[in-house]
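>
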Amino acid sequence: MTDYLWIVIALPLAGAVFLHFFGQRLGEPWAGIVATSTIGAGFIYALVAAGDFFTGTGHGETIHLFDWIAPLGANAELLWDPLSAVMTLTVTGVGTLIHLYSIGYMHGDPRYGRFFTNLNFFAASMLILVLADNFGLLFVGWELVGLSSYLLISFWFTKPSAAAAGKKAFIVNRIGDVGFLIGLMLILANFSTLTYGTVLEEPARFITAGTATAITLMLLLGAAGKSAQIPLYFWLPDAMEGPTPVSALIHAATMVTAGVYMVARAASLFELSAFSMGTVATIGAFTALFAATIALKQRDIKRVLAFSTISQLGYMFLAVGTGAYIAGIFHLFTHAFFKALLFLGSGSVIHAMNDEQDMAKMGGLRTVMPVTHATMFVGWLAIIGIPPLAGFWSKDEILALVFGEGGWYGFLWVIGLVTALLTAVYMTRWMQLTFWGEARWDDGVHPHESPAVMTVPLLALAAGSALFGLINTPFKGFFQPAFEHFLEPSFEAIEMAHLPSGATPYVLAVISVAAAALGAWYATRRYRGENAFERAPVAEGRTGLWRWVDNGYYVDDIIGNLLVLPGKLVAAWTAFVFDSDVIDGSVRAVGGGVRRIGGWLRPLQTGFVRNYAAVTFAGVVGLLVWFVSRGVS
Amino acid sequence: MDVTAGWYLALGAVLFVIGASGMLLRRNALVMFMSIELMLNAVNLTFVAIGRHTGDLNGQVAVFFVMVVAAAEVVVGLAIMIAVFRRRSSASVDDLAVLNG
Amino acid sequence: MDFNVLSLLIWVPVAGAAVVVGLPRRRAELVIPVAFALSVLTLGLAGYLVFEFEGADGGFQFVEKTAIWSDLGIDYHLGVDGISLFLVALTAFLFPIGILASVNIELRPKEFMAALLLLEGALIGVFLALDLVLFFVFFEVLLVPMYFLIGMWGGERRLDAALKFFLYTALGSAFLLVGIVFLSAQANQQLGSPTFNYLELLDLDISRTAQYWLFGAFGIAFAIKVPLFPFHTWLPDAHTEAPTAGSVILAGVLLKMGTYGFLRFNLSLFPEATVQLATFLAALAVVGIIYGAAVAIVQPDLKRLVAYSSVSHLGFVVLGIFALTSQGVSGGVIQMVNHGLTTGALFLLVGMIYERRHTREISAYGGIQKVMPWFAGFFLFTAFASAGLPGLNGFVGEFLILLGSYSRHPALTIIAAFGVLLAAVYLLWAYERVFTGEPDKEENKALTDIGMREIGILVPMVALIIMLGIYPKPVLDRIEPAVERVIDRIEQQTDFQSPLRIDDIALDDEEVTP
Amino acid sequence: MTEISYLAIGPVIALTLGVVLVLLVEVTYKPKVTWLGAIAALSLLAGFALSVAQWIEASDDPIIRFRGMLALDPFAAFGSVVLTVLGAVALLVAWPLIVIQGRRAAEFIALVLLSLTGMILMAGAAHFIMLFLALEVTSISLYVLAGFARDNADSNEASVKYFLLGSFASAVFLYGVALSYAATGSLSLYGAAEFLNENLLLDSASLLAGIGLLIVGLAFKVSAAPFHMWAPDVYQGAASGVSGFMTAGAKVAGFAALARVAVTSYGPYISDWAPAVAVIAAISVVVGTMLAIAQSDIKRMLAYSSIAHAGFILTGLVAGIDGVPYVWFYVVTYAFQVLGAFAVVSVVSGPAGTRSPLTDYAGLAQRAPVLAGSLALLMFSMGGIPLTAGFLSKLYVFREAVDAGYLWLVVVGAVASVAGLFFYLRVIVLMYMNPQSEEGGVGETRVGDPLRVALTAVAVITLAFGIVPGPLLDVVTSALPL
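Going down the list, the sequences are from chains A, B, C and D. Quick note: to get the numbering used here, add 829 to the position in the first sequence (first position is 1). Quick note: to get the numbering used here, add 206 to the position in the second sequence (first position is 1). Quick note: to get the numbering used here, add 105 to the position in the third sequence (first position is 1). Quick note: to get the numbering used here, add 17 to the position in the fourth sequence (first position is 1).
1. Let me see if you follow: with CB-CB separation under 7 Å, is K170 of chain C close to chain A or not?
2. Consult DSSP for S22 of chain D and reduce its assignment to one of helix, strand or coil.
3. Is the segment 1084 to 1104 of chain A touching the segment 1049 to 1063 of chain A in the sense that three or more CB pairs, one from each, lie closer than 8 Å?
4. Counting C-beta neighbours from all protein chains within 10 Å, is the total for Q294 of chain C 16 or more, i.e. buried, or is it exposed?
5. Suppose contacts are defined by Cβ-Cβ distances below 7 Å. Is G542 of chain C in contact with G471 of chain C by that definition?
6. Since G1012 of chain A and I1044 of chain A are thought to touch, with beta carbons under 8 Å apart, how far apart are those beta carbons, to the nearest angstrom?
7. For V185 of chain C, list the residues DSSP reports as bridge partners.
8. Scan the segment 167 to 180 of chain D for residues whose Cβ lies nearer than 9 Å to a Cβ of chain A and list them as they occur along the chain.
9. Let me see if you follow: with CB-CB separation under 7 Å, is G307 of chain B close to chain A or not?
10. Note down, one range per segment and in chain order, each alpha helix (DSSP H) of at least 4 residues found wholly within the segment 967 to 997 of chain A.
11. Give the interface partners of S434 of chain D over in chain C, defined as CB-CB distance under 7 Å, in chain order.
12. Please determine, among C:F452, C:T430, C:R130 and C:I592, the residue with the shortest C-alpha to C-alpha distance to G351 of chain C.
13. Is it true that the CB of G433 of chain C sits closer than 7 Å to the CB of S510 of chain C?
14. Which residues does DSSP list as the beta-bridge partners of D339 of chain D?
15. Since A175 of chain D and V251 of chain D should fall inside the 8 Å C-beta cutoff, what is the C-beta to C-beta distance between them, to a whole number of angstroms?
16. Hey, how far is the Cα of D168 of chain D from the Cα of Y23 of chain D?
17. Could you list which residues in chain B have their beta carbon closer than 9 Å to that of F1437 of chain A, in chain order?
18. Can you pull the chain C neighbours of K1397 of chain A, defined as C-beta to C-beta under 9 Å?
19. Looking at chain D, is there any beta carbon in it that lies within less than 7 Å of the beta carbon of F287 of chain C?
20. Whole-angstrom Cβ separation of A1093 of chain A and G1157 of chain A, contact assumed at under 8 Å?
21. For E157 of chain C, go through chain D and note every residue whose CB falls closer than 7 Å to its CB, in chain order.
22. Does A1053 of chain A come out as helix, strand or coil in the three-state DSSP assignment?
23. Within its chain, find whatever has a CB closer than 6 Å to the CB of T1024 of chain A; leave out the 5 residues flanking it on each side and keep chain order.
24. Under 7 Å, CB to CB, which of the residues in the segment 242 to 253 of chain D have a partner in chain B?
25. In angstroms with no decimal places, state the Cα-to-Cα distance between A111 of chain D and T101 of chain D.
26. Under a three-way DSSP split, which group does N234 of chain B fall into?
27. Is the distance from the Cβ of R1424 of chain A to the Cβ of I310 of chain D below 7 Å?
28. Starting from the beta carbon of F1446 of chain A, find every residue of chain B whose beta carbon is closer than 8 Å, and list them in chain order.
29. On the CB-based measure, 16 or more other CB atoms within 10 Å of its CB, does P486 of chain D come out buried or exposed?
30. Taking the CB atoms as reference points, tell me whether G184 of chain C and F165 of chain C lie closer together than 7 Å.
31. With 7 Å as the threshold, decide whether the Cβ of M18 of chain D is near any Cβ in chain B.
32. Would you kindly work out how many angstroms separate the C-alpha atoms of A961 of chain A and E1030 of chain A, rounded to a whole number?
33. Quick check: the Cα distance between I467 of chain C and L454 of chain C, rounded to an integer number of angstroms?
34. According to DSSP, is A903 of chain A part of a helix, a strand, or is it coil?
35. Considering only residues of the same chain and omitting the five flanking positions on each side of A210 of chain D, which have a CB-CB separation below 6 Å?
36. For V254 of chain B, decide whether its Cβ has a neighbour in chain D, counting only Cβ atoms nearer than 7 Å.
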């Protein structure tokens, strides 16, 4: 069965190729149906292939397809183990639903076929990423998802902002990729190959803790770029320029989680360096808090979710940085569901509001869009972490494990808790401004419930967000942590974080639920009534701070003015002053100089016979001096 | 005191240099040509002196050839100059500096 | 071997040039078909060569040797090994495309095609010559057709560009010539008979100081050709002013003569000096990588942008070569081919848009993806290939180079890695400005998308770009042995030990059963 | 009486007869100029045949005849072979000029043949007096040829300058002969060599001074810097139809004489004169190139480039006897190239013209493909681009110089040859790539048959010996002085 695992990648890839040539001709809805079915089939195949893992009898195995760059040990080899299985299933599963949803959402778009080409291509790239058996192939997927994200963000290329956003996303990702590349250099220099088999199995055989720190920090840079963590988070909000399904699939459910997956995959490397682990966790925690604060004051229905995604990814980094790999992957899994759900829901809203994205012009949609609202309600509860929905289980496991580590992690736990509170606030505000309260629609806008092809995925995702938490509860019997058992084989060699003993977990759970509830209660009250959308979460007055928050702490401006602009100036100076005047100038100077010398010599040719004779005679004298001196000595 | 070949050689050298300097300093074509003749005769003197000194006839014989050649040069040279100065009043070669650079 | 395929590779195009010139004036319509047919025939020969080539053998194959100018020991001596094989193939591949791309030449098409074919023969000769004088002859003589290509069919500032190109490169060749002559004088003393035979010259033992001087003499010539910073300023002018086919050949093949020369001659003939100077040249290469990219970012002229990107990309090649690790050098070799394809394609694309709008100013465009979707697609694809996107050819080379160089030049390689980032910057920014947004200018609205001929030109390149990106194994397998020989030789001749060797890499495909 | 050898002076006799016949026929019959041409052709043919006979004879046993006056050796034979061919081509090139001379045509032809006689003797002279006579025969006829266009101011000036400076140089040369005679006691080249081989001079000052002055005298004839000042003015002032012959012939004969004197008489003192020659070579190359770049008249440009080429040829001479074959190779191929170049000039700016501004060549490629093509080929060859004789010549002399330990000279030469490309290419740019090629360019473009033949011959020589130098090399390597 696993021998043909490549089919999982090949299906969406074939779909992409096929649609590239015939997609436009196929048109609606067939292009979408083809795309959806390819990835759906992939999902089913993966499900079957993962059978052994469910029964716990499976073991990881490598499938060698063909040699790629053999000298680097970077060949087309797939690794099929529980971890990659989970990722594959998430990608294909959620992916299928989002493909399905897009059939409706992209209705009437002139480049309908092209859209599904790219969507399928993304799925294929993502699957390469998660199934790769060496860092080389991983990097292939790593960059290809970057490419497809570029293509999809700037899908509406006639919109300059969209084009710019796509470019920004790709370039910021490239910054991280450079770090990743340097990490790979270090790996090859120390392991002489990139295959997981050699690198990840007892890396201590080859490298010291110091080298491990260097390698992992470089990989972390890559991960931060891909997963929009500090310092490379700022591309993700702009990425919302893309069609909403794209935001759901790429910028919420799958691609952005690649960083988390990579850290979990390279756990054995990270384990070697406590410092790197600490860095991962700290970055995660602070990103979570930072993004959450910005989310508090966004007006764009999608940008809220974007920052929320960054924040949630922060949780995942916090988890893997703590050694709670399975918890991290679990949160990745649940988040894939409820965040995709929320995005698709907002998409449904945007659709209904004639592409209006400003929450200031929404409100009171509950009545006109019952299904959407219902599913969003589930998503909302899930993300703020109300039991027994998925978000609760995953987020609280993380928090508990972090708490269990103690020390610095204790502090990170506090941040995590505060973030949980803020999450409740901004998500409640989001619900409040969008669905509840009075309607603030523009004239001529007649919201309506979306077609079934869009609502069905919503319902499916809602179900997932509601139930999938139960597969990993810390209890016994039916509620045993199945997910954990499922993943354990992938982390056998790794020493994992442990839950604090005794009743502490339950106490922690109560605390965080309380925090969530508090936040939700507070937000519902604060964001009721007139101009709520302009209100700051807490009392007015210290507007200075809120202006900062409004503008995302001016990060974009700082980058623009402190990095991009000077960079362009330097480049311009190099090009138009240094290169053209100094370097080329000196070349031209040599050429011109030669000619000028000729010009100087010309007047010597006076045309007067006497002078000619004089020169000749001078030559005679010179020669005589030479020869006679030779002769005398 | 007896006059050795060395004296003649020295005299030849002096004459030669005088001729050469005449070539460098004078502007009149004819005078320049005369100084060339002077140089040639300086060489003749040298030849004779050496021939006498070594008792080798070649030296003396050479002189005749040089004289003949000199004569030929005179003929051609004067012809050329006439060709030039038919169209010009002065005999100064400095007027002949159209070609330069 | 039943026939001298190498000689044919050189002389078919040259004879072809004669044929083209000989065509009767009134049958002008024949010129392009004939020229094309001949170049395709050459391509066929190259294909034969690639398939008959014995992959595992790192030595020279299909060797031909006949003494021509025997008095000085100058031979007509040809041979091909893994290093030159694909450069020859690349050359043979690019010329039919170049010819197809210039069917619209009005001015003296006959002479144009003849010049192209001459150029092809000489270029192939450069890569096949195993006699230094023969190499020099090809190396120098191909300046002439290239000079005419730029000077007669080029853009507005073509005269300066052509002259600069010719003189600059000729200056380098002057030192090369002195070096070659000096080398043969050494041979005269050591072997008793004068020779320019590469294989025999390998046996010379040259004093360390002499090696430095010779390395310098050869190096300058090649550094100018590559071009290595700071000898690069002839390149943007020449590339920009040359006609499309000219730029394609110039960027695609001509520059490779420099890197090839470094690899073939400097590394093997002067190993001592090579080991000593490797870091210096790698440093120059890295400067070139960053510098070329930085300058490319702000170029207002699309063609100049691509030209400067060549400076950056060739920097990678040189870095790989002077990593002196088998990965690095192999990466360098395959990157030569990759750059030939991608940059060649980019120049073709720029040429296509130039034919329509007669301007290369980026600011003159905008939003043309809407009117020229196919063109935009090809351009974006090529841009990403050039930016080293995995799965496309550019990545394989850069990946090998960077990972192979790190263990010898760690700091430099890390800096070089940022070149990959900058490549994305200048290409995507250019793409954004030219293609995205709404087409505002009337001329741009009126543009017509590329037609079948142009797509036909591009498709083979795209196919190769993908092929080399996904399955480079056949190419790498043929390059490896030759590269190994070079490295082995350096290790024998000096106390240098290559930090990374294929053979000590543990390629274990064992299953991961954690 | 074995000292007499009519074969040794066969070519000379043939040419002299030609001279006499041309003049007599002219005065008696006043025939059509074609007849005079025929006579000249016959005498050149005879001269050529006899030279070949000399070659065959001398290659077995080279000897000296006329009591040490003339050498009958491959060196001399080859010299006269080349010179007779050169003379023939030169007459073809000059034919349009001859035709327009009317009744003076005979004199012109006679002078060309006469100067050829002198040149042939220069290559064969084994005795300093003989050499001096040959030198003068050559020079005097060239003085007259330079000023042949009596009513052209430029020509007058050219001939006066040439005459005065030439005689000056002859005097210097002669004084050198005297000094060397003083030191060796012999006026025979071989006698001197004998003497120097047998006795070691205690005080070689006068000998070396003599060598120095001899070198000056001959360097002047081949227009090597700093004894070159006359060359640009003379070559420009002379009628375009004949300056080519003056350049080429003087070069061949001058280098033949220089080579023979240097390697036979003073071979033992090579360590003394080679450095001096090297310096002269370097100066010539640099000065010639630099000034050529600054020219705007193609005749002057060619003149200066000929100075640079004199330097390159001298580069080969520093290797002594080993270098002689390659000196031959270079000077022979170059002689024909420069002849061809001036031939094109003589068409574009008129056979009797003296000025030939570069602008006349704008767009020549459209107006006269043949002319432009041949000139381009010659320019590339003079610039040393491979597959032309010019490249191999340079390669050979460079190699010899390096072997002789003059690497610095080779570096100078190599760099200078690149700088030289600058002005060779500029001509090509004008002819082929000139933007306003359609209008610009006023030069004449009709090519007569004689000229066509000459150009073809030159092109063939340039290309053939550039691709398969073997035959010529076999000859020159055996064309060594006794």
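In this text, a Cβ means the ideal position worked out from N, Cα and C, and glycines have one as well.
Let me spell this out:
1. With respect to chain A, the C-beta atom of K170 of chain C has no partner C-beta closer than 7 Å.
2. For S22 of chain D, the three-state secondary structure derived from DSSP is coil.
3. Taking 8 Å as the limit for Cβ pairs, the verdict is that the segment 1084 to 1104 of chain A does touch the segment 1049 to 1063 of chain A.
4. Within 10 angstroms of the beta-carbon of Q294 of chain C lie fewer than 16 other beta-carbons, which makes it exposed.
5. Yes, the pair counts as a contact, with Cβ atoms nearer than the cut-off.
6. That belief holds up - the Cβ atoms of G1012 of chain A and I1044 of chain A are roughly 5 Å apart, short of 8 Å.
7. Per DSSP, the beta bridge partners of V185 of chain C are C:Q166.
8. Cβ contacts with chain A: E174, V177 and K178.
9. At a cut-off of 7 Å, the C-beta of G307 of chain B has a neighbouring C-beta in chain A.
10. The qualifying runs do not exist here; there are none.
11. What S434 of chain D touches in chain C: A279.
12. Checking every option, the nearest Cα to that of G351 of chain C belongs to C:F452.
13. It is a contact, given that the beta carbons lie within the stated cut-off.
14. Looking at the DSSP assignment, D339 of chain D forms no beta bridge with any residue, so it has no partner.
15. Cβ atoms of A175 of chain D and V251 of chain D come within 8 Å of each other, at about 5 Å.
16. Going from the Cα of D168 of chain D to the Cα of Y23 of chain D covers about 41 Å.
17. Below the 9 Å Cβ cutoff, chain B contributes R233, V299, D300, L302, A303 and N306 as neighbours of F1437 of chain A, in chain order.
18. Simply I402 and V403.
19. Interface annotation, F287 of chain C: in contact with chain D, CB-CB separation under 7 Å.
20. Here A1093 of chain A really is in contact with G1157 of chain A; their C-beta atoms are around 6 Å apart, less than 8 Å.
21. Correct list: empty, because the minimum Cβ distance to chain D is about 30 Å.
22. It is helical.
23. Scanning its chain for C-beta atoms nearer than 6 Å, with the 5 sequence neighbours on each side dropped, one finds around T1024 of chain A the residues G902 and N963, in chain order.
24. Among the residues of the segment 242 to 253 of chain D, those with a Cβ less than 7 Å away from any Cβ of chain B are D250 and Q253, in the order of the chain.
25. The alpha-carbon atoms of A111 of chain D and T101 of chain D are separated by roughly 15 Å.
26. When secondary structure is reduced to three states using DSSP, N234 of chain B falls in the strand class.
27. In this structure, I310 of chain D lies closer than 7 Å to R1424 of chain A by Cβ.
28. A226, M229 and L230, listed in chain order.
29. Within a 10 Å sphere around the beta-carbon of P486 of chain D sit 16 or more other beta-carbons, which makes this residue buried.
30. The beta carbons of G184 of chain C and F165 of chain C sit closer together than 7 Å.
31. Reliability fails at M18 of chain D, whose pLDDT of 45 lies under 50, so the model's placement of it is uncertain and the value that follows must be treated cautiously. Closer than 7 Å to the CB of M18 of chain D there is not a single CB belonging to chain B.
32. Answer to the nearest angstrom: the Cα atoms are 16 Å apart.
33. When only Cα atoms are considered, I467 of chain C and L454 of chain C end up about 14 Å apart.
34. In the three-state DSSP reduction, A903 of chain A falls in the strand class (E or B).
35. Cβ-Cβ distances below 6 Å link A210 of chain D to T281 and S282 in the same chain, with the five nearest sequence neighbours on each side left out; the list follows chain order.
36. Closer than 7 Å: no.
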